[in-house]
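Residue numbers (this note's numbering): 119 to 284.
The following block contains the structure:
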């Protein structure tokens, strides 16, 4: 299934163990699945900065809000890129250090092709997850080990490329 034909949601769920960012996806006439989960100390700060940047660019609309759950529907043009960005910051020692790059990534002006590259990260993670463990009932949940590997590799590549650019 093409990444463009999916709908994507970004949500923050507050639990007893702390807040968790959920990146969800569904294909036409299929059930919604959580693809990426991110927790940690600065989860709420990351979520709020993502939502703020996406609202500025009019790429997100509020879907539901309660005391423990906030969900936003992402525009089709940006959904897969946001998923790729979440993969990039996943398991980062300082995930907030990536926040300043987000606006430039989604605009795609300063870093040409960044939206496409982030979309490819999500697609790559989905493809490798399907290969590593056969999906149960066509579930598309992404394997956390695959996400960690793709995230680590992407950080190394991006930092090396930025050194070349300087």
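Just so you know, even glycine gets a beta-carbon here, dropped at the ideal spot from N, CA and C.
Chain B contact for residue i (CB, 7 Å cutoff)
{"i": "residue 186", "result": "Included in the structure is just one protein chain, with no chain B present."}
Cβ-heavy atom distance, residue i to the ligand SAH, below 6 Å
{"i": "residue 274", "result": "In the structure on display, the ligand SAH does not appear, and there are no ligands present to speak of."}
From the options, residue whose alpha carbon lies closest to that of residue i
{"i": "residue 160", "options": "190, 239, 264, 139", "result": "139"}
{"i": "residue 200", "options": "186, 125, 187", "result": "125"}
{"i": "residue 181", "options": "246, 127, 236, 260", "result": "127"}
{"i": "residue 204", "options": "270, 226, 148", "result": "270"}
{"i": "residue 186", "options": "134, 274, 173", "result": "134"}
{"i": "residue 154", "options": "163, 148, 144", "result": "144"}
{"i": "residue 132", "options": "273, 149, 150, 162", "result": "162"}
{"i": "residue 192", "options": "179, 219, 183, 202", "result": "179"}
{"i": "residue 277", "options": "221, 249, 215", "result": "215"}
{"i": "residue 146", "options": "227, 129, 123", "result": "123"}
{"i": "residue 174", "options": "228, 279, 220, 248", "result": "220"}
{"i": "residue 188", "options": "130, 272, 247", "result": "130"}
{"i": "residue 272", "options": "222, 243, 247, 248", "result": "243"}
{"i": "residue 279", "options": "172, 229, 202", "result": "229"}
Residue span of the beta strand (DSSP E) that contains residue i, given as start and end
{"i": "residue 130", "result": "125-133"}
For residue i, the first and last residue of its enclosing alpha helix (DSSP H)
{"i": "residue 219", "result": "217-225"}
{"i": "residue 190", "result": "Taken as a continuous stretch (DSSP letters only), residue 190 belongs to no alpha helix (DSSP H), being part of the beta strand (DSSP E) at 187-192."}
{"i": "residue 236", "result": "232-250"}
Nearest-angstrom Cβ-Cβ length linking residue i and residue j, presumed shorter than 8 Å
{"i": "residue 152", "j": "residue 259", "result": "7 Å"}
{"i": "residue 217", "j": "residue 177", "result": "Actually they are not in contact, since the Cβ atoms of residue 217 and residue 177 sit about 16 Å apart, beyond 8 Å."}
{"i": "residue 213", "j": "residue 275", "result": "With 8 Å as the limit, residue 213 and residue 275 do not qualify as a contact, their Cβ atoms being about 18 Å apart."}
- Query: Can you give, in chain order, each stretch of the beta strand (DSSP E) that sits fully within the stretch 136-177 and has at least 3 residues?
  - Reply: Counting whole runs of 3 or more residues, the stretch 136-177 contains the beta strand (DSSP E) stretches 136-144, 151-157.
- Does the stretch 140-149 come within contact of the stretch 165-176, defined as at least 3 CB pairs closer than 8 Å? no
- Query: Is the number of C-beta pairs between the stretch 257-272 and the stretch 202-220 that are closer than 8 Å three or more?
  - Reply: yes
- Count the CB pairs spanning the stretch 229-237 and the stretch 187-199 that are closer than 8 Å, and state whether there are at least three. Because the criterion of three Cβ pairs below 8 Å is met, the stretch 229-237 and the stretch 187-199 touch.
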